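Notes to accompany the following structure.
Numbering (our numbering), first residue to last: 44 to 244.
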């Protein structure tokens, strides 16, 4: 792939998963429109629940586009942007609001407490992660909902995503799609206050 659009590198220290090395410069221009379409679909799928969230963690936040979207729909809670790339986090910092926290960390070892965020969002990133370990972390830190979006051209991973979400008792999972949106949306709600141990660890 052209370097401007990023390339895949093998990480060996952060859970041994692939990460997409997308330059911060030009990221918003390249991906902004299609990402906003995904955010709109997520917002519609969550409906009134979305407005009740007070803390949102954006795993793989890149330049903070999802944070900007939340601001545009008058979200006034805490936005936590998490990314491995220092460069992309620096770009996000330039547009950060007082209610933003930006953290350099990987998806398999989130520096967040159990049940500390209302929504964990992982948008167009899951195909680059160790799905089993990432899902375990998402469930651990979320107290209400998890949103994972998957590129339609990587639907070969759909079974793996659903299998790993369904490992956890107390999760209700649904799938949302729209023809013009490039990702499939998977939403998991916690139906009991505490979801800790998955089946078949």
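We put the beta carbon where it would ideally sit given N, CA and C, even for glycine.
Source: prediction; values computed, not measured.
message: Quick check on DSSP: helix, strand or coil for residue 168?
response: Residue state, collapsed to three classes: coil.
query: In terms of residue numbering, what span does the alpha helix (DSSP H) encompassing residue 91 cover?
result: Its alpha helix (DSSP H) spans residues 91-95.
- prompt: What are the complete alpha helix (DSSP H) segments, minimum 4 residues, inside the region 130-189?
  reply: Listed in chain order, they are 174-184.
task: Rounded to whole angstroms, what's the CA-CA distance from residue 174 to residue 196? Just pull it up for me.
output: So the alpha carbons of these two residues sit roughly 17 Å apart.
message: Given a cut-off of 8 Å on the beta-carbon distance, is the pair residue 230 and residue 88 in contact?
response: yes
Own chain, CB closer than 6 Å to residue 162, minus 5 neighbours either side, in chain order: 96, 99 and 188
field: Residue(s) in a DSSP beta bridge with residue 23
entry: A question about residue 23 goes unanswered here, because the residues of the chain that appear run from 44 up to 244.
field: Simplified DSSP state of residue 101, which is helix, strand or coil
entry: strand
message: Please return the same chain residues whose Cβ sits closer than 6 Å to the Cβ of residue 232, not counting the five positions on each side in sequence.
response: 188 and 215
query: When you compare only the Cα positions, how much space is there between residue 62 and residue 127?
result: For residue 62, the pLDDT reaches just 44, beneath the cut-off of 50, and the residue's location in the model is therefore unreliable, leaving the point undetermined.
- prompt: Taking C-alpha atoms, which residue in 228, 191 and 131 lies nearest to residue 172?
  reply: Ranking 228, 191 and 131 by Cα distance to residue 172 puts 191 first.
- prompt: From residue 81 to residue 148, what distance separates their C-alpha atoms?
  reply: 23 Å
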